[in-house]
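Comments concern the structure below.
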Amino acid sequence: MSAPTQQQSSYREAVRAGLHEALQQDERVFLMGEDVGAYGGCFACSKGLLEEFGPERVRDTPLSESTFTGMGIGAALGGMRPIVEIMTVNFSLLALDQIVNNAATYLHMSGGLFNVPLVIRMATGGGKQLAAQHSHSLEGWYAHIPGLKVLAPATLEDARGMLLTALEDPDPVLIFEAAVLYPMEGELSPVISSVSIDRANVIRTGRDLSIISYGASLHKGLGAAEQLSEEGINAEVIDLRSLRPLDDATIIGSVKKTRRAIIVDEGWRSGSLAAEISARIMEQAFYELDAPVERICSVEVPMPYAAHLEQAALPQVTSIVEAARRMVVRNG
Amino acid sequence: MSAPTQQQSSYREAVRAGLHEALQQDERVFLMGEDVGAYGGCFACSKGLLEEFGPERVRDTPLSESTFTGMGIGAALGGMRPIVEIMTVNFSLLALDQIVNNAATYLHMSGGLFNVPLVIRMATGGGKQLAAQHSHSLEGWYAHIPGLKVLAPATLEDARGMLLTALEDPDPVLIFEAAVLYPMEGELSPVISSVSIDRANVIRTGRDLSIISYGASLHKGLGAAEQLSEEGINAEVIDLRSLRPLDDATIIGSVKKTRRAIIVDEGWRSGSLAAEISARIMEQAFYELDAPVERICSVEVPMPYAAHLEQAALPQVTSIVEAARRMVVRNG
Amino acid sequence: MSDPEHALHLFHQMLRIRRLEEKSAELYSAMKIRGFLHLYIGEEAVAVGVAQALAPEDAVVATYREHAHALVRGLPAKSIMAEMFGKQDGCCRGRGGSMHFFDIETRLYGGNAIVGGGLPVAAGLGLADKLQNNTRLTCCCFGEGAIAEGEFHETMNLAVLWQLPVLFLCENNLYAMGTALERSESQTDLTQKAASYGMRAAAVDGMEVLAVEAAASEAAHFIREKRAPCFLECRTYRFRPHSMFDPELYRSKEEVETWKQRDPILTFKTQLFDKGMLDEARLDHLEQQVAAEIAEAVTFAEASPLEPVDDLTRFVYSERSPE
Amino acid sequence: MSDPEHALHLFHQMLRIRRLEEKSAELYSAMKIRGFLHLYIGEEAVAVGVAQALAPEDAVVATYREHAHALVRGLPAKSIMAEMFGKQDGCCRGRGGSMHFFDIETRLYGGNAIVGGGLPVAAGLGLADKLQNNTRLTCCCFGEGAIAEGEFHETMNLAVLWQLPVLFLCENNLYAMGTALERSESQTDLTQKAASYGMRAAAVDGMEVLAVEAAASEAAHFIREKRAPCFLECRTYRFRPHSMFDPELYRSKEEVETWKQRDPILTFKTQLFDKGMLDEARLDHLEQQVAAEIAEAVTFAEASPLEPVDDLTRFVYSERSPE
Ligand SMILES: Cc1ncc(C[n+]2csc(CCOP(=O)(O)OP(=O)(O)O)c2C)c(N)n1
Ligand SMILES: Cc1ncc(C[n+]2csc(CCOP(=O)(O)OP(=O)(O)O)c2C)c(N)n1
Ligand SMILES: [Mg+2]
Ligand SMILES: [Mg+2]
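From first to last, the protein sequence lines are chains Y, P, R and B.
Those letters in the first sequence? Residues 1 to 332, by the working numbering.
Those letters in the second sequence? Residues 333 to 664, by the working numbering.
Those letters in the third sequence? Residues 665 to 987, by the working numbering.
Those letters in the fourth sequence? Residues 988 to 1310, by the working numbering.
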């Protein structure tokens, strides 16, 4: 009888609930970024928070990505628990020096003296016809950097809880919210708490192949699994949740069982996170594979504006389904 | 009787010879970056060029990576053939927005109207005890970006010729010079010309396994092959040369022949270029493999200063040799 | 305003922008235009005034709020509309959309949607002109929000240090999305900021097309004469939300209404009427002319085919061989 | 210079820095120290003067040229030397090296080797202090070369806008590697640059330890009183190459020699002798004391073990649980 207590929410509201809880829980937490305050957040994730917590704790910044991100590092070193919001991953390129050369290195360079408990949130991904400067999925890049943790909530529970998890972490954590998911509706537990990020989630169990994904693409993987089940192909679907570290145990465990894997990742194919996962499967489950691992990624073009071109560039349910059929037929 | 005409040179001198030739060949070419002029280049690659070509064509810039890189884009659009030097890849993070959001997108966003004939050179890699903010190998990151071409000269001939090739290209080309290679001595042809970048080079042929590498790591791969040959293991060694696009034909051709591959890449393992190559081998040569592909990459730590720690973090000949032995023994 | 023909030309240009944008908003609601759409409504005097100071061979680097600049520089409304429809006959074959117009003929180098991202590019175009001894200039448009970015600082310094022929046109509409100028800058007199680099700097009422024209002409003259950069701040206001997604929580309706009293088109119309340069009949005629132009653009955009999906991967790298 | 004890203290501190660095250069040639080594020789009056204005609880964010700041703030020479030797007893267990000293006790937050990279971090420390109502300040050291970086601009603006208690200490030694100030800045009066953000700004002769002390104290007093930032430019010169690799093609021997006439240690020594505060015997004693300290540091560094290779991957992520 716990179902009735679940509440209806959007992914956006889940993010907002996490922010609200974080600000309420800990005096040291503050939110800083462009238009997080008076505007209510460029994706409306922080609407109302300025009014409730005031301008000291919900800080609108000028357009200065490098500096306000670096200030998050400094504030974290100085005893605070800052949440820095960068509107989208595209603009984070302006702050990359601070993230890679400072946030990720301080602990190691200092021989363990200074940790940086900083949380950076940003929206990622395409699908909204925002063209070549607003549609990148670069979270895979960040997952390359030792010293960072990289989270990608694909569910409402994670959208809310991962922020709290990140704030408990002594080291820098980046959270990538998929922009297309903000309007997604679903159920949310009334108990607000951090979530364990130790394990990837097997969202759907299956025996014929493993569809490994995260973020917005996960939902395409689920759609494909649904369609495949009608054809008698039984796909397991894994939500990675954490992109760094990756949960090898869950990934490899699943692939050893199903003997086939498709990785769905909105990043461009070459040098994608999907490549990393494919390489790990190669290294850890080569002898158990019945077919080569496939990757469904974005086509390697700067994202075009026109809807038909953009959709052609992004991973789609049909391409996942086709890849799955190919794999299963060939080695069935 | 062509050997006597070869001339002795260092990798550094080869780079300088390329720059000299480029400036001499084409009025539109100019070199721009920090300390390329009066200082002679932070790695002395442009020594004497200011004196010969004057301050208009050998332009010292202030410490403004983002802007002088973006100015390279603008100057290329305006009819020039700029060579932008960023001292090292570590500082290129400050210019990443211009490279990824502008240089790589202009042609596509504009529907083919505006190409950006820009060359950006930078030094990369560790091994000089320069610690966590000066030792990254991020060329693999750049190889992820459609719209860019990414070159990594490992030989004297390429160090000189690739610059000229890049200048002939209508699109942005990034050249990564391995900092540890600058003092490397060797022979250089007296004929200065661009080099084809269509193919990776099989530097050494072999039948037992393929060692695939580029840049500074290539020389470790060659060292390992040497050692392995004494043990009767016959390794093929491939110099990738171009990291984007990758020459799949040469890579896959070699692996189909040797049925085993080790990729050596100084980038951090997770999300490395090595992962991409492993994934491609998985996709294109799975059924020909006798053993899972192995990766020898940098240990996932910000680079430590102390020599023994740094060397432990970097790929080494011994680890390549051990991996090769494992592979060949297991599946010999 | 001694020349009636020229005055009417200015009026006509502003009207074209206004009507094109009103139509765009409508088409956005009708889901013909998608993605982000940033309207220039209220700021028309800036683009029109500045354009008068530019020569055909000059270049423009603009932001995502660039419809007006594109139109007034001569990019056909058809081309613009088809681009926003994502069609093959759009100026960028549908790949750019509202934020990324490009054009070779009018030397429009974007449509840049990274705030501040166009400044270094414009300085580079200026450098190319300088190195080639061209006498043309580059006009670089950006909002006052861009001034907080590091690239503004780096570019100002280099433009003065290297004496680059660039007109830095700051379209100060007082807000960067929801952030008011005084909440983002410790020094809100932007001309003083520019002047601190040794850049010649001036500010002008951006709601007065004649004032903008005069100031821009003076700046352009200076740049051409001295082969040195100039900063021009146009003080203006956007009447519409930042983009089509903005709930406008950060400013009051009253504030917007007050500014609307200064509508650059209405006030200029009144002046023209007062001076007898315009009457209802001529206005009607102009409106019809503009309406026809835009209707034609919409028809054209509707009729234009989509780029074939097979061509998705074109223009990642150049097709032509290096010249 | 009324207090002889204090004057001698200043002298002693400068001497410690000078001798430590001379020794470091020697050890670099002997290949005991590797990587980059940037010496502060010639600039000692800056670090020593400024340190007098700082309280123990204040923080320092410095550059790769930070030996002097670390030493004068209280990081033991042993710890510094062992770090440069890459040994386990170094302040960062050998992971940082010459460019990256860190220390909890003296609140030294690097040792940052990205030019300009420390400025936002320092502003963030200031923000943390402000939000926690601490009365301490953060001293942020950077070379004049950093002023061209976008982060300088962004940080100046935010520090003033948010009134952060940070002392921005610009160590202007006239060169950024081989680039002379006038070849990199359109405005070479750096105080004017800082002032353009509404920041209180002053410049001082960085070769005069007493002048630096006075100016820094005034600045620190202002920051503590007003809880607002301050910019202090110390005009100085480095006598040595930029790093151990620099062939110094960009400046003349004569220029260097002229500046050496103003050696902050020699001139201060002369003053002390003139005032009768120092004589050969005391000087000898001081030199011996410093020599002993440094010899001990070298012995310590030599004897210190290497960090075990098995510990390579420690400190990528924290080991302690979140408090
Ligand atoms: C680097 C970067 N950061 C953030 C954004 C998101 N963004 C788009 S427009 C805008 C406001 C810019 O304001 P302003 O420069 O004043 O121009 P205006 O829109 O008022 O014309 C912001 C924050 C962006 N596009 N680029
Ligand atoms: C972002 C960045 N660009 C370039 C470098 C290479 N570099 C190291 S020190 C230096 C000169 C800095 O000069 P300045 O700030 O005046 O400090 P100084 O060395 O004179 O103390 C340069 C260019 C760097 N470390 N970081
Ligand atoms: Mg604005
Ligand atoms: Mg300097």
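Cβ coordinates follow ideal geometry from the N, Cα and C atoms, glycine included.
- Between the alpha carbons of Ala-346(P) and Glu-471(P) lies a gap of roughly 21 Å.
- By the C-beta criterion, the segment 375-394 of chain P is judged not to be in contact with the segment 473-485 of chain P, since fewer than 3 inter-stretch pairs fall below 8 Å.
- At least one heavy atom of ligand 4 lies less than 7 Å from the C-beta of Ala-1163(B).
- Here Lys-1065(B) is buried, its C-beta having at least 16 other C-beta atoms within 10 Å.
- The bridge partners DSSP lists for Asp-392(P) are Gly-365(P).
- As summarised for the segment 1085-1124 of chain B, the continuous beta strand (DSSP E) elements at least 3 residues long and confined to that stretch are 1095-1099, given in chain order.
- Non-local beta-carbon contacts of Ala-132(Y) in its own chain, meaning distances under 6 Å to residues more than five positions away in sequence, involve Pro-302, Met-303 in chain order.
- For a Cβ distance threshold of 8 Å, residue set Leu-439, His-440, Pro-478, Gly-479 of chain P lies close to Val-980(R), ordered along the chain.
- With a cutoff of 8 Å on beta-carbon distance, Ser-210(Y) and Glu-231(Y) are scored as not near each other.
- For Thr-855(R), the uninterrupted alpha helix (DSSP H) segment begins and ends at 854-859.
- The criterion of a C-beta distance shorter than 8 Å is satisfied by Tyr-637(P) and Gly-1084(B).
- The criterion of a C-beta distance shorter than 8 Å is satisfied by Gln-1119(B) and Gly-79(Y).
- Interface with chain R (8 Å Cβ-Cβ cutoff): Asp-97(Y) is excluded.
- Residues of the segment 956-983 of chain R with a Cβ closer than 7 Å to any Cβ of chain Y, in chain order: Leu-970, Glu-971, Val-973, Leu-976, Thr-977, Val-980.
- Annotation for Asn-434(P): no alpha helix (DSSP H) segment contains it, and DSSP assigns it neither H nor E.
- Asn-1099(B) has its Cβ no nearer than 7 Å to any heavy atom of ligand 4.
- Counting along the chain, Thr-88(Y) sits inside the beta strand (DSSP E) bounded by residues 81-88.
- At the C-beta level, Gly-37(Y) and Asp-60(Y) come within 8 Å of one another.
- The C-beta distance from Glu-849(R) to Ala-812(R) rounds to 6 Å, short enough to fall under 8 Å.
- Three or more beta-carbon pairs drawn from the segment 243-261 of chain Y and the segment 278-292 of chain Y are found closer than 8 Å, and the two stretches are therefore classed as touching.
- Ligand 1 has no heavy atom closer than 7 Å to the beta-carbon of Val-191(Y).
- The residue from Ala-532(P), Ala-498(P), Asn-434(P), Thr-337(P) with its alpha-carbon nearest to that of Ser-526(P) is Ala-498(P).
- Listed in chain order, the non-local C-beta contacts of Leu-1002(B) below 8 Å within the same chain comprise Ile-1252, Leu-1273, Glu-1274, Val-1277, local neighbours out to five positions each way being set aside.
- When the beta-carbon positions are compared, Val-625(P) and Leu-560(P) stay at least 8 Å from each other.
- Counting C-beta pairs with one atom in each stretch, the segment 711-724 of chain R and the segment 876-886 of chain R have three or more that are closer than 8 Å, which means they touch.
- For the options Arg-453(P), Gly-518(P), Val-361(P), the alpha carbon positioned closest to that of Ala-510(P) is the one of Arg-453(P).
- In terms of Cα proximity to Arg-658(P), the closest of Arg-576(P), His-551(P), Asp-540(P), Pro-647(P) is Asp-540(P).
- Between the C-alpha atoms of Asp-1298(B) and Tyr-704(R) there is a straight-line separation of about 59 Å.
- For Val-824(R), the residues of chain B that pass the 7 Å Cβ criterion are Ser-1173, in the order they occur in the chain.
- Distances between the C-beta of Glu-685(R) and the heavy atoms of ligand 3 are all 7 Å or more.
- Taking a Cβ-Cβ cut-off of 7 Å, the neighbours of Pro-624(P) in chain Y comprise Met-282, Glu-283, Phe-286, given in sequence order.
- Excluding residues up to 5 positions away in sequence, Gly-780, Leu-783, Ala-810 lie with their Cβ nearer than 7 Å to the Cβ of Phe-816(R) in the same chain.
- Using a Cβ distance threshold of 8 Å, Lys-1117(B) and Arg-1214(B) count as a contacting pair.
- Annotation: the segment 187-239 of chain Y contains the following complete segments of the beta strand (DSSP E) (minimum length 3 residues), in chain order: 201-204, 209-213, 235-239.
- Shortest gap from the CB of Asn-1160(B) to any heavy atom of ligand 4: under 7 Å.
- If you keep only unbroken beta strand (DSSP E) runs of at least 3 residues inside the segment 599-662 of chain P, you get 626-630.
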